[in-house]
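Worksheet: one structure, shown below.
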Amino acid sequence: MIHAAGCKPVHASVPRIIRSLHVSLRNFNAPTTTPGSTVTAQLPPVVDKIVENDKEEAKPKKKFSLVGFLLKTFFASAVLYGGTMYAATKSEAVMDFVIDKQLPYYEEIIHLIENGTIEDLKGNWSAMTSSVENTKDKLGKLTNELEKKGENLYAKTKQRVHQTKSAITHTLPAEQLQKPVEIEPVHGTFEGLPLVAVNEKGAAFMDESLKKTIDSFNELINMIDARNIDAQKHTIMKKINENVSILAAKLDALNHSFNKELESKLKTSETKLLAAYTQKELDLTRNMLDQYRVEKAQLEKVYKEKLLKEVESTQKAISQAAVNATLMVRIEQTKRFEAMIMEKIDQERDGRLKNLEALNSRVQELEHFALSMENSLLASSSKSAVQQALANVKSLLFHANDKAPLQSFNSYLEKLESEANNTDDELLKVATAQLKQLLFNESNQSLLTTPQLLTAWEQLAPELRSASLLPPNAGLLGYVASLLFSKLLMRVKGVKPEGKDIESVIGRVELSLTHGDLDVAVEEVANLKGWTRRLADDWVKEGRKRLEAEFLFGVVDAEAKILSL
C-alpha cells in the first residue's frame, strides 16, 4: 500500500509527459523559415507525422483515479481510527492518550463500541456508504469536468499555435527573386528537454516496471534532443505503452488486494466487536446477580435482627407487666388482710358479739376473699396443667429416643391448647395454636432431632459431592464421572467462612450441627444452588420444621412461666 501511494504521483504525471512530448514533436517537425530562404508549402511528411501523433494521442490511456485514492485513504483512516477507539476501551494507557489528545468524536465512538448493537452498526454503515457514494459521484463529475477543461485548453492552445504560424508574414516570392542569393548562417543554441526524474524519497518505493517506464521516457527525450526520433519512434512509443499498461495492471491488482484486505479487516473487527458486546453483557448480568444476592442476604439479616429485637422487647414488656400486676395484687391483698386483722382486733376488744351486723358484713367479705382465693387456686391449677402439658411436649420434642415407643403429639397438644384457652394471655393462645398446627399428626420419631439431622446430613453428603461436579446438561457419562471424582475430593474439617465450595459447606454444616446451631446449618444448606439445593430440599424442610417447633415451644414456655409468677 505504501508503494502504491509513493508511485501514484508518477502515474499521474505520465499523461502530462506524453502530451508535452507530443507538443515538442510537433514543434520540432514544424517547418521553419529564415530570411532569404524560399517560401514553400509545408511538407507532406510533416503533416503525416502530426496526424499520426494525433491518432496516437487519441488512444485511451488509463488515468489516475482521484476518487479511488480518496476512498482508499478514507477507509484506511477509518480502520486505524476505529482500532484506536476499540483499543481505548480495553487499555487505560490508550484511553489516557485519546483523552489527552482530544481526538474528534471519541466520546460518541467509545459509547457506540461499549453500548452499540449490530443493528446500529448496520445503520451507520449504510448511511456512511451512501454518503461515500455521493461524494464519489461528485468527485467523478469534478474530475471529468477538469479533464474536459484541460482538453479544451489544449485544443485552444494548439489552434492558437497554428494560427500564429500561419500569421507569420514573409516577403513575397517576386521580391525574394529580385534579391541576390545569399547564404545566411543561423547560429543558435537548443536547450535539451528535461529528463523524467524521481526524488530520493520516492525512488526508495519505485517498482521495476515504473523504472523501465521512466527509462523509456528519458530515452525518448534524449532521442528528441539528438534529432534522431524518426527511426525508433514507434519502438519507443510501443515500449512506453507496454510499460504504462503493466503499471496500470499492477495498480488494478493492488486496488483489488487492498479492497479484499479491507473487507477481511472489517469482518474481523465486526466479529471482535460482537464478541466484546456478548462478553460485556455476560459480565453485567453476573454483576447484577451478585449484587442481588448480596442485597438479599443483607435484607434477610437486617429483618432477622429486627424480628429478634422485637420479640425480645415484647417478652421483656410482657414479663415486666406480669411482675407488676402480681406485685400489685400481693400488696392489695396484704393491705386488705391487715385491715381485716386490725378491725377484728378492735371488735374483739369491744366484744365478740357486740355488733352482729358488722360481723355479718365481715363474713361476707371473708366469703368474697375465699372465692378470690378459689379463683386463684383454679388459675394456679390451670397454670400447673399448662406446665405439665408443656413438660410432656418437651419430653417428646427434646428427649426423643430411637428405642422409645411411638408416641403422638396430638393428645398433649390438644390438652395444652385447652388449658391455654382458659387463660387470658392472647400470645399464649396464638403460639399454642401455631404449635398444634405444626406438630399435629407428628410423633416423637417423625420429627427429627439435631443428632438425627446430623446423621441424615452425613448420609446426604456423598450425593452432594457428586452433584456438585455435574456439568450442565450432563448425560450418563457425566453422572458416572462425577460419582468417581467425588471420591477424590478432600474432606474439610473445621470452619472456613470464606469457602464456597461444597466441601467447605459440608464442613460448616457438620460443625454447626455438632455445636447445636441448627439455624446456622439450615441457612448454609438453604443458600446452596442447582442440583445440590434440590437434593438437600427434604433435609432443609425437616430442619426448618425442627427450628419452627423449637421457636414456638420457647414462646409458649416463656408465656407459661410469666403466668406462673
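Quick note on this note's numbering: the sequence shown kicks off at 403 and runs consecutively. Glycine is no exception: its CB is placed at the ideal position from the N, C-alpha and C atoms.
Buried versus exposed call for residue i [16 or more other C-beta atoms within 10 Å across all chains shown]
{"i": "G909", "result": "buried"}
{"i": "S493", "result": "exposed"}
{"i": "L866", "result": "buried"}
{"i": "I642", "result": "buried"}
{"i": "W527", "result": "exposed"}
{"i": "I904", "result": "buried"}
{"i": "L920", "result": "buried"}
{"i": "T934", "result": "buried"}
{"i": "E926", "result": "buried"}
{"i": "R936", "result": "exposed"}
{"i": "V704", "result": "exposed"}
{"i": "K737", "result": "exposed"}
{"i": "S715", "result": "exposed"}
{"i": "K902", "result": "exposed"}
{"i": "K698", "result": "exposed"}
{"i": "L686", "result": "exposed"}
{"i": "I733", "result": "exposed"}
{"i": "L779", "result": "exposed"}
{"i": "L676", "result": "exposed"}
{"i": "L473", "result": "buried"}
{"i": "L666", "result": "In the sequence as displayed, the identity of residue 666 is Ser instead of Leu. Its Cβ having fewer than 16 others within 10 Å, S666 is exposed."}
{"i": "S868", "result": "buried"}
Cβ shell of residue i (< 7 Å), same chain only, five flanking positions each side left out
{"i": "I964", "result": "I720, S721, A724"}
{"i": "L512", "result": "Residue identity check: residue 512 is Ile in the sequence provided, not Leu. Within the same chain, I512 has close Cβ partners M487, A490, T491."}
{"i": "R946", "result": "V924"}
{"i": "E819", "result": "T834, A835, K838"}
{"i": "Q717", "result": "A960"}
{"i": "H917", "result": "none"}
Check whether residue i and residue j have beta carbons under 9 Å apart
{"i": "K817", "j": "A791", "result": "yes"}
{"i": "V788", "j": "A923", "result": "no"}
{"i": "T615", "j": "L649", "result": "yes"}
{"i": "A833", "j": "V957", "result": "yes"}
{"i": "L841", "j": "F811", "result": "yes"}
{"i": "A852", "j": "L930", "result": "This sequence places Thr at residue 852; Ala is not what is there. Not a contact, by the Cβ cut-off of 9 Å."}
{"i": "L849", "j": "A938", "result": "no"}
{"i": "T519", "j": "Y679", "result": "yes"}
{"i": "L1001", "j": "D522", "result": "No statement about residue 1001 is possible, as the shown extent of the chain runs from 403 to 967 and does not include it."}
Distance, residue j Cα to residue i Cα
{"i": "V448", "j": "H636", "result": "Caution is warranted here: a pLDDT of 40 is assigned to V448, below 50, making its placement in the model unreliable, and no coordinate value can be reported."}
{"i": "E683", "j": "T670", "result": "20 Å"}
{"i": "V500", "j": "G485", "result": "12 Å"}
{"i": "L954", "j": "V795", "result": "12 Å"}
{"i": "R764", "j": "M744", "result": "12 Å"}
{"i": "L949", "j": "E769", "result": "49 Å"}
{"i": "K674", "j": "N689", "result": "22 Å"}
{"i": "A651", "j": "D539", "result": "24 Å"}
{"i": "P864", "j": "L668", "result": "53 Å"}
{"i": "Y483", "j": "L505", "result": "9 Å"}
{"i": "E644", "j": "N517", "result": "54 Å"}
{"i": "V907", "j": "E860", "result": "12 Å"}
{"i": "K543", "j": "H658", "result": "23 Å"}
{"i": "Q681", "j": "L710", "result": "43 Å"}
{"i": "Q561", "j": "N546", "result": "22 Å"}
{"i": "T531", "j": "L691", "result": "41 Å"}
{"i": "Q1022", "j": "K831", "result": "What is shown of the chain runs 403 to 967, which leaves residue 1022 out entirely."}
{"i": "S774", "j": "E767", "result": "11 Å"}
{"i": "K708", "j": "R695", "result": "20 Å"}
{"i": "Q735", "j": "N824", "result": "24 Å"}
{"i": "A480", "j": "V469", "result": "16 Å"}
{"i": "L656", "j": "G932", "result": "58 Å"}
Nonlocal neighbours in the same chain, by C-beta distance under 6 Å from residue i, ignoring five residues either side
{"i": "A741", "result": "none"}
{"i": "L829", "result": "E961"}
{"i": "S467", "result": "none"}
{"i": "L423", "result": "Residue placement at L423 cannot be trusted, given a pLDDT of 45 that sits under 50; what the coordinates show is reported in the next sentence. Counting only Cβ-Cβ distances below 6 Å, and skipping sequence neighbours, we find nothing."}
Contact set for residue i: own chain, Cβ-Cβ below 8 Å, skip 5 residues either direction
{"i": "E821", "result": "S784, A787, V788, A791"}
{"i": "F477", "result": "L664"}
{"i": "E844", "result": "S810, F811"}
{"i": "I638", "result": "S618, E621, L622, M625"}
{"i": "Y814", "result": "A791, N794, V795, L798"}
{"i": "V496", "result": "T486, A489, A490"}
{"i": "L862", "result": "L937, A938, W941"}
{"i": "E553", "result": "none"}
Nearest-angstrom beta carbon gap, residue j and residue i [assumed within contact, 8 Å]
{"i": "L855", "j": "E944", "result": "7 Å"}
{"i": "A928", "j": "V942", "result": "5 Å"}
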